[in-house]
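Working notes for the structure below.
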Amino acid sequence: MGSTFVEKALAAKAGLERVEPGQIVEVEADVALSHDNTAAIVDAFHRIGVERVARADAHVVVLDHACPAPTTRHADNHKAIRTFVAEQGIKHFFDVGRGICLQVLAEEGFALPGELVLGSDSHTMTAGAFGALAVGIGRSEMASVMATGLIWLRVPESLKVVVGGRLSQGVTAKDLVLEVLGDLKADGALYMSVEWHGEAG
199 MGSTFVEKAL
209 AAKAGLERVE
219 PGQIVEVEAD
229 VALSHDNTAA
239 IVDAFHRIGV
249 ERVARADAHV
259 VVLDHACPAP
269 TTRHADNHKA
279 IRTFVAEQGI
289 KHFFDVGRGI
299 CLQVLAEEGF
309 ALPGELVLGS
319 DSHTMTAGAF
329 GALAVGIGRS
339 EMASVMATGL
349 IWLRVPESLK
359 VVVGGRLSQG
369 VTAKDLVLEV
379 LGDLKADGAL
389 YMSVEWHGEA
399 G
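Going by this note's numbering, the first residue of the sequence shown is number 199, and it counts up by one from there.
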């Protein structure tokens, strides 16, 4: 049987001919996305004891969640993030008002086919719409990516969803996805890659 998209992408990133579900691979991300939570990530980065970000060119930081800053704590976090990105030479910094992180990722060309996008945002995987392998990670994981440039990932099982027929008038792709999500339930595809197939229109 052939490899899935996720298996092909992770094998390429790991420099391997082939990977199997369940296998652990160490890979370097093409893009590492964070937003206002970068302040907490920076705290974890400093606790690791590293002084410089391993690959400043891979990091994209977008201030978009608490904008304008609703509290002095948020304002202080924004100030700390601005200082950190300047000190570290992170050029892909999008300050308040530049857009929503995943919109910026798409519009600025950071989510490209076959690339590995790591993001400390729970909606990171929406970048998969552009052919990227997009994976959501936690703050401590992102701090480690900042420190080392690397992350280990378990190759996920894949779930193939085949959709046929025609959508009724007024029914959209979102309706279709919500129906499938309802069938799967909250834990129906944990740590899985969902691949869509078929000719529904």
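Cβ coordinates follow ideal geometry from the N, Cα and C atoms, glycine included.
- F308 and A210 have their C-alpha atoms some 18 Å from each other.
- Judged by their CB atoms, P354 and V204 are nearer to each other than the 8 Å cut-off.
- The count of Cβ pairs closer than 8 Å, one atom from the segment 270–282 and one from the segment 220–238, reaches three, so the stretches are in contact.
- Note on geometry: alpha-carbon atoms of H257 and Q367 lie some 42 Å from one another.
- Between L303 and V225, the gap from beta carbon to beta carbon reaches 8 Å or more.
- Under the rule that a run must span 3 or more residues, the beta strand (DSSP E) segments found entirely inside the segment 204–228 read 222–226.
- Around the beta carbon of V283, 16 or more other beta carbons sit within 10 angstroms, so the residue counts as buried.
- Rounded to the nearest whole angstrom, the C-alpha separation of T322 and L365 is 27 Å.
- Cβ contact annotation for A332 (same chain, cutoff 6 Å, sequence separation greater than five): V315, T322, M323, A325 and G326, in chain order.
- Counted as a single uninterrupted DSSP element, the alpha helix (DSSP H) harbouring E339 occupies residues R337 to T346.
- Rounded to whole angstroms, the separation of the alpha carbons of E377 and V343 is 35 Å.
- Following the DSSP letters along the chain, one finds E355 inside the beta strand (DSSP E) bounded by residues E355 to V361.
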